[in-house]
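Chemist:
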Amino acid sequence: MKTISKYIIAFLLFLAPYVLVSQSVALVLSGGGAKAFSHIGVLRALEENNIPIDYVIGNSMGALIGGLYASGYTPEEIYTLLINPEFVKFTKENHSKKACFYQVDEPTASFAGFTFKVDKGFSVQLPLSVYDFKEIDYNLMEFFAGASALSKSNFDSLMIPYRCVASDIDSSRMVVFKDGNLTKAIRASITFPFFVRPIDIDGTLYFDGGMYDNFPVDAAIKEFNPDLIIGSKAVNNYSAPSPDNAISLMQSMLMTKADFEIDSAQGVVIESNTGQGTIFEFNRVQTYIDSGYVAASRMIASIKLRVNERGANDNISARRSNFKSRIPSINLNKVKIKGLNKKQQQYFEKLLGENSRFSTTEEFHKLYKCLITNENIISVYPEIVYDSISKGFDLNLIMKKSDPFNLQVGGYISSSGVNEGYIDFGYNYFGKSAKNIKVGAYFGTFYNSFSTTGKIEFPYKIPITLKLKFLVSRKNYFSNVRYFLEDNFPAYIITDENYLDFSFSIPSNYAGVMAVGVSNINANFQYYQDNYFTRTDTADVSNFYFLSPWFEYEINTFNHKLYPTSGQHLLFGFGYYVGNEKYTEGSGKSPLKEIVTDIDYYSIKLHYNKMFSISSSFSLGVLGEGSFSTKPLLSNYISTLLIATPYTPIPVMKTLFLENYRSFSYGSVGAVMDYNFYKEFNFRVDGYYYVPYQKIEKRTNDNMAYLSDPITHHYFVGSARFIYHPPIGVVSASVNYIERPGSKFGFLVNLGYLIFNKSKLNR
């Protein structure tokens, strides 16, 4: 009997290694937005302790992290990819976005808009998503292109067999992806309803799988039938909905409560402590990763009791190295345009170039960033397809044309009393070339204008844009009389600027533009020489007519059109002016007479502003500006000031007529500090030092102007403000310091953008 027992024991010991190897482990990763970054910490802890993973399944962000792991990325590589600011800090749809700068119109006071069409009834295109995923779509394509090609679109042939779940909107059911386009499957799984635009796969729209199962344990059992399940839980179910919180109401309506339990006989749950914050706090991803690592480390001992160690042949590093060595290099064959008609397709093919060939996706990426904000399309989806014959990849850009009509609205409300509204209506005709016409208007207490702009863009490898703009505008400083209560400077100043401007421009790389043009300018100024006038008096009038050829070179990568926190702005401008001034003295001082003076001069301006991101919440900026002009002294002191170049580094200065900050030539430097102290709230401090080369002075015995000695005056400007960036517009409360007669400090509360049409008289 003892002999038989020995043989049985020996036989069992002989079989033991094979029995142990046959044990399979599935890893289930929940969704959870930013909180799901805790899965990276879980993976790191499991690998460090040689816990084998045979299958991976996930939902939402868990699907993304699981897909990267199954595709051969290490936890450290996943961390590096996903914390990249280009990935984490995806932009909101309504916020300012970077674009091909040659297509960007001058900034306006607009803070909201929509497109529409009327050919088949009035149809409005409202934004149905909060976050813009065009850039993330490109990153996902790059992340998974190689592994997807190697697996031949069979998720069982990845380094680790993989599944992800998504929701089929039309049939109201959960779908488990096991093959097909890996990038699209993961994109479908991370598409949180109403925050991210849904994705179309073979004619079916998909959203986040969390609508039906945020912790797909049952799907793991059905797909893999594993011996053990390790579940990584990043979030709890959503709390009870609040009647005052639209997001919580949508979550409760759309997302099914998940069962985060696993039967102890089937596996274990690693529950990361990610706190009570929202799933969109991507500034806390490092905390979430650490929480996942700590939670998994605490469970390692109990997991090891249930998982048998594998032999050296199943070493994860060896498997990963073998898998990666077989991944084909991502060499592009050709970029193709899909989803548009033939003429529209030809437009983008010309932008891409005759051969539409790029060596790598990295080489094409810069142009892609330009294409995704093209004004003629509303969406772009990059799809990469492997060609087994050429051993290269074809890149398909699936585009959707924007509606032809668009309407923009905006404005500005201020405690200063300078209030304005803004509206513009545009029409785009998109074919082999892109044609655009826009009519816009400002209306308010201080500034009123009407403008019409026509633009034609000819697409080539170097696109050419022709633009014609007509503008009529008025600034009424008399309506701002409250600023002059303690000032002897004339309160009554009304300036009209009207022009017709034609320009020709080409891009300089993707963030710059070079333009040349000619402007026909009429500027009409009405003013008194002092404040001692009666209702029966008539104002002095200076009427200017100029023909002005000009050149500009501009680079702009700012992330906001007002109060930017990253990027840079460079502007070099040259203008030559030839014309005359017709000066008519008002009846208040002398008999009516007109003096005509011929004028010609040139003006050069250089402006540079750069914001440096010191950390995720802290930015520093530097600014330098200089102007040189051969403008002459005119018929009187006020008209000379009116034609001088104003210096307006802070917005409120655009509404004030400030003697000390107007000159023909000047230099200035400045610095900015911006601190994002809570979500969309910033605290910003900026200061500027301004030196006119020769200050324009007034002679005491008459109303004539003269120039001071060089560099004998200098002035400071400063502001401190709290800024809030809501989904539309901007709100700020500021204390401003401006060196002027009377009170130098002022407090303002503003809503909206204090932006006017660009002046051609002082460009």
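Residue numbers for the sequence shown, in the working numbering: -18 to 744.
For glycine and all other residues, C-beta sits at the position ideal for the given N, C-alpha and C.
Everything numeric in this text was worked out from a predicted model, so none of it was measured.
What do you reckon, are the CB atoms on TYR473 and PHE459 nearer than 8 Å?
Modeler: The residue labelled residue 473 in the question sits at position 492 within the sequence shown. The residue labelled residue 459 in the question sits at position 478 within the sequence shown. Taking 8 Å as the Cβ cut-off, TYR473 and PHE459 qualify as a contacting pair.
Chemist: Tell me whether ASP482 is buried or exposed, calling it buried when 16 or more other Cβ atoms sit within 10 Å of its Cβ.
Modeler: As a working mapping, residue 482 is identified with position 501 in the sequence shown. So ASP482 ends up on the buried side.
Chemist: Could you tell me the distance, in whole angstroms, from the CA atom of ALA492 to the CA atom of LYS574?
Modeler: Reading the sequence shown from its first residue, position 511 is the one you call residue 492. Reading the sequence shown from its first residue, position 593 is the one you call residue 574. For ALA492 and LYS574, the distance between alpha carbons rounds to 51 Å.
Chemist: For a quick check, are the C-beta atoms of ARG178 and PHE114 less than 8 Å apart?
Modeler: Position 197 of the sequence shown holds residue 178. Position 133 of the sequence shown holds residue 114. Taking 8 Å as the Cβ cut-off, ARG178 and PHE114 qualify as a contacting pair.
Chemist: For TYR403 versus SER91, is the C-beta distance shorter than 8 Å?
Modeler: Position 422 of the sequence shown, counting from 1, holds the residue named residue 403. Position 110 of the sequence shown, counting from 1, holds the residue named residue 91. Their beta carbons are under 8 Å apart, which means TYR403 touches SER91 by this criterion.
Chemist: Grab the span of the alpha helix (DSSP H) containing HIS695 for me, first residue to last.
Modeler: Here residue 695 refers to the residue found at position 714 when the sequence shown is read from its first residue. Careful: HIS695 lies outside any alpha helix (DSSP H) and carries neither H nor E.
Chemist: Are the beta-carbon atoms of LYS612 and ILE624 separated by less than 8 Å?
Modeler: Taking the sequence shown and counting its residues from 1, one reaches residue 612 at position 631. Taking the sequence shown and counting its residues from 1, one reaches residue 624 at position 643. Yes, the pair counts as a contact, with Cβ atoms nearer than the cut-off.
Chemist: Using three-state DSSP, classify CYS351 as helix, strand or coil.
Modeler: Here residue 351 refers to the residue found at position 370 of the sequence shown. Three-state DSSP puts CYS351 in a helix.
Chemist: Report the residue from ASP375, LYS448, GLN325 whose alpha carbon sits nearest the alpha carbon of GLY412.
Modeler: In the sequence shown, residue 412 corresponds to position 431, counting from 1. Of the candidates ASP375, LYS448, GLN325, the one whose C-alpha sits nearest the C-alpha of GLY412 is GLN325.
Chemist: Which value, in whole angstroms, describes the spacing of the CA atoms of THR433 and ALA422?
Modeler: Counting from 1 along the sequence shown, the entry for residue 433 is found at position 452. Counting from 1 along the sequence shown, the entry for residue 422 is found at position 441. In this structure, the alpha-carbon of THR433 lies about 9 Å from that of ALA422.
Chemist: Can you list, in chain order, the residues of its chain with a C-beta nearer than 6 Å to that of GLY435? Leave out the 5 residues immediately preceding and following it.
Modeler: Start at 1 with the first residue of the sequence shown, and residue 435 comes out as number 454. Around GLY435: ILE418, LEU449.
Chemist: Output the distance between the C-alpha atoms of ILE736 and THR626, rounded to the nearest integer angstrom.
Modeler: Looking up residue 736 in the sequence shown gives position 755. Looking up residue 626 in the sequence shown gives position 645. Answer to the nearest angstrom: the Cα atoms are 17 Å apart.
Chemist: Nearest-angstrom Cα distance between GLU330 and SER283?
Modeler: Here residue 330 refers to the residue found at position 349 when the sequence shown is read from its first residue. Here residue 283 refers to the residue found at position 302 when the sequence shown is read from its first residue. If you take the alpha carbons of GLU330 and SER283, they lie about 59 Å apart.
Chemist: Indicate whether the contact test is met: 3 or more Cβ pairs, each with one atom in the region 554 to 568 and one in the region 527 to 539, closer than 8 Å.
Modeler: yes
Chemist: Looking only at its chain, what residues have a beta carbon closer than 6 Å to the beta carbon of PHE465, apart from the 5 residues adjacent to it on each side?
Modeler: In the sequence shown, counting from the first residue as 1, residue 465 sits at position 484. A caution first: PHE465 carries a pLDDT of 41, below 50, which makes its placement in the model unreliable, though a value can still be read off. ALA472.
Chemist: Let me know if SER620 comes out buried or exposed under the rule of 16 or more other beta-carbons within 10 Å of its beta-carbon.
Modeler: Position 639 of the sequence shown, counting from 1, holds the residue named residue 620. Buried, by the Cβ-count rule.
Chemist: Excluding the five sequence neighbours on either side, which residues of its own chain have a C-beta within less than 7 Å of the C-beta of ARG680, listed in chain order?
Modeler: Translated into positions along the sequence shown, residue 680 becomes position 699. So the qualifying residues of the chain are TYR687.
Chemist: Can you tell which of GLY651, TYR349, HIS346 has its C-alpha closest to the C-alpha of LYS591?
Modeler: The residue you call residue 591 lines up with position 610 of the sequence shown. Nearest of GLY651, TYR349, HIS346 to LYS591, Cα basis: GLY651.
Chemist: Exposed or buried, which one is PHE176 when buried takes at least 16 other CB atoms within 10 Å?
Modeler: Taking the sequence shown and counting its residues from 1, one reaches residue 176 at position 195. Buried, since its Cβ has 16 or more Cβ neighbours within 10 Å.
Chemist: Buried or exposed for GLU478, going by 16 or more other Cβ atoms inside 10 Å?
Modeler: Stepping through the sequence shown from its first residue, residue 478 is reached at position 497. So GLU478 ends up on the buried side.
Chemist: Just checking my contact of TYR54 with LEU8 at CB under 8 Å: how many whole Å lie between their CB atoms?
Modeler: For the purposes of this step, residue 54 is taken as residue 73 along the sequence shown, with counting starting at 1. For the purposes of this step, residue 8 is taken as residue 27 along the sequence shown, with counting starting at 1. Contact doesn't hold; Cβ gap of about 14 Å is too wide.
Chemist: Near TYR362, which residues of its chain fall below 7 Å by C-beta distance, leaving aside the five closest residues on each side in sequence?
Modeler: If you number the sequence shown from 1, residue 362 lands on position 381. Only ASP118, ILE379 meet the Cβ criterion.
Chemist: Between the alpha carbons of ARG455 and THR342, how many angstroms are there, rounded?
Modeler: Here residue 455 refers to the residue found at position 474 when the sequence shown is read from its first residue. Here residue 342 refers to the residue found at position 361 when the sequence shown is read from its first residue. If you take the alpha carbons of ARG455 and THR342, they lie about 50 Å apart.
Chemist: Comparing C-alpha positions only, which one of THR629, ILE487, PHE406, LEU622 sits nearest to GLN507?
Modeler: Residue numbering aside, residue 507 sits at position 526 when the sequence shown is read from its first letter. Of the listed residues, the one whose Cα sits closest to GLN507 is LEU622.
Chemist: May I have the straight-line CA-CA distance separating GLU467 from THR629, to the nearest angstrom?
Modeler: Along the sequence shown, read from residue 1 onward, the residue named residue 467 stands at position 486. Along the sequence shown, read from residue 1 onward, the residue named residue 629 stands at position 648. Unreliable placement is indicated for GLU467, whose pLDDT of 45 sits below 50; the coordinate value is still reported in the next sentence. GLU467 and THR629: Cα-Cα distance of roughly 21 Å.
Chemist: For the region 356 to 423, list the beta strand (DSSP E) runs that are entirely contained and at least 3 residues long, ordered along the chain.
Modeler: 358 to 368, 373 to 382, 386 to 395, 401 to 411
Chemist: Please classify ASP199: does DSSP put it in a helix, a strand, or coil?
Modeler: Here residue 199 refers to the residue found at position 218 of the sequence shown. Shown here, ASP199 sits in a helix according to DSSP, grouped into three states.
Chemist: Can you give me the C-alpha to C-alpha distance between ASN312 and SER340, rounded to a whole angstrom?
Modeler: The residue given as residue 312 occupies position 331 in the sequence shown. The residue given as residue 340 occupies position 359 in the sequence shown. Approximately 6 Å, taken between the alpha carbons.
Chemist: DSSP on ILE150, reduced to helix/strand/coil?
Modeler: Taking the sequence shown and counting its residues from 1, one reaches residue 150 at position 169. Assigned with DSSP and collapsed to three states, ILE150 falls in coil, not helix or strand.
Chemist: Anyone know if the C-beta pair for LYS317 and ASP368 falls short of 8 Å?
Modeler: In the sequence shown, the residue the question calls residue 317 occupies position 336. In the sequence shown, the residue the question calls residue 368 occupies position 387. Not closer than 8 Å, so no.
Chemist: Where GLY602 and PHE539 are concerned, what is the direct C-alpha to C-alpha distance, given to the nearest angstrom?
Modeler: What you label residue 602 is simply residue 621 of the sequence shown in a count that begins at 1. What you label residue 539 is simply residue 558 of the sequence shown in a count that begins at 1. Cα to Cα, the separation comes out at about 12 Å.
Chemist: Going by C-alpha distance, which of SER500, SER523, VAL499 is nearest TYR509?
Modeler: The residue labelled residue 509 in the question sits at position 528 within the sequence shown. That would be SER523, whose Cα lies nearest to the Cα of TYR509.
Chemist: Beta-carbon within less than 6 Å of LYS676's beta-carbon, same chain only, minus the 5 sequence neighbours each way: which residues are those?
Modeler: On the sequence shown, residue 676 is found 695 positions in, with the first residue counted as 1. Around LYS676: SER689, HIS694.
Chemist: Which ranges would you report for the beta strand (DSSP E) in the region 516 to 553 if only whole runs of at least 3 residues count?
Modeler: 521 to 537
Chemist: Relative to the C-alpha of VAL420, which residue among SER430, THR426, GLY407 is closest?
Modeler: For the purposes of this step, residue 420 is taken as the residue at position 439 of the sequence shown. Among SER430, THR426, GLY407, the Cα nearest to that of VAL420 is on GLY407.
Chemist: Tell me which same chain residues have a C-beta within less than 7 Å of the C-beta of GLU438, skipping the five on either side of it?
Modeler: Here the question's residue 438 lines up with position 457 in the sequence shown. For GLU438, where only same-chain residues beyond five positions count, the Cβ hits under 7 Å are SER414, ALA415, PRO444, THR446.
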